[in-house]
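Structure record follows, encoded as C-alpha cells.
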Amino acid sequence: MAERSSDLPEFEAAPSVRIDQAMPEKGSIVVLSDAAFRLMIESICYCGRNETNGFLPATWLRKNGRPKAIAELVAQGHLAEVDNATYQLPDYLRWNRAASEINAYRQSKSEGGSKGAHMRWHEAARKKVKDCAYCYPDTQAASNG
Numbered sequence: 053m054a055e056r057s058s059d060l061p062e063f064e065a066a067p068s069v070r071i072d073q074a075m076p077e078k079g080s081i082v083v084l085s086d087a088a089f090r091l092m093i094e095s096i097c098y099c100g101r102n103e104t105n106g107f108l109p110a111t112w113l114r115k116n117g118r119p120k121a122i123a124e125l126v127a128q129g130h131l132a133e134v135d136n137a138t139y140q141l142p143d144y145l146r147w148n149r150a151a152s153e154i155n156a157y158r159q160s161k162s163e164g165g166s167k168g169a170h171m172r173w174h175e176a177a178r179k180k181v182k183d184c185a186y187c188y189p190d191t192q193a194a195s196n197g
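Here the numbering used here is used: the first residue of the sequence shown is 53, the next is one more, and so on.
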C-alpha cells in the first residue's frame, strides 16, 4: 500500500472542502449536465476558499455558470436563491466546516505556536521577555499576541 508523502500538509491543516465520495452516483447528481456538475464543484470550492458558509454572490454564479446550469442546480435542490444578490448551497455546512470553526482552529494553532515559541526561546533559555504573555501572564502582554 502506498504511503502519503511526508511533504504533504496534514488533512486538518490543509485548506480543503469535503465531498462525499459517493456523490457522483446520487440520483439528483446523475441527472445534472457536465456544466451543472462542474458549476456545483466550483461553487463548493469558492465557498471553502472564501469561507462563506455556503453562500454565493449571484454575480459570481452568473459569471461562472450558464443560466441553464444554475437552473439545473436549483431544480435538483443543490442551489437555492436567497435573494437577488445571493444563492446558497443548502448542504454545504453538512459536509464542510463553518467559518467560525475554521477561525477557532486557526486560533488554537496560533496559541499553540506562541506557547511553543515561549517554551523554546524563553523558558529553555531561562529568560523573561517583557512583551511575552507567558513570561508575564498578569500583564497586558497577552493582548500583544
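All residues carry an ideal CB built from backbone N, CA and C; glycine is no exception.
A direct Cα-Cα distance of roughly 27 Å separates ALA87 from ALA150. By the Cβ neighbour-count rule, SER80 is exposed, with fewer than 16 other Cβ atoms within 10 Å of its own. Burial is judged here by how many other beta carbons sit within 10 angstroms of a residue's own beta carbon; ASN148 has at least 16 and is buried.
Under DSSP, PRO76 shares a beta bridge with no residue. Given a length threshold of 3 residues, each whole run of the beta strand (DSSP E) inside the segment 122 to 164 is given here in chain order: 132 to 135 and 138 to 140. For LEU113, the three-state secondary structure derived from DSSP is helix. Excluding sequence positions up to five before and after ASN116, its CB lies within less than 7 Å of the CB of LEU91 and GLU94, all in the same chain and listed in chain order. Inclusion of GLN140 and LEU84 in the CB contact set at 9 Å is not warranted, their separation being larger than that value. In the structure shown, LEU91 falls within a helical segment according to DSSP collapsed to helix, strand and coil. Annotated as distal: ALA137 and PRO119, with beta-carbon spacing of 9 Å or more. Going by C-alpha positions, LEU131 is about 51 Å away from CYS187. In its chain, beyond the 5 residues on either side, VAL69 have a beta carbon closer than 6 Å to the beta carbon of ILE96. Checking the DSSP bridge columns, you'll see LEU84 has no partner listed.
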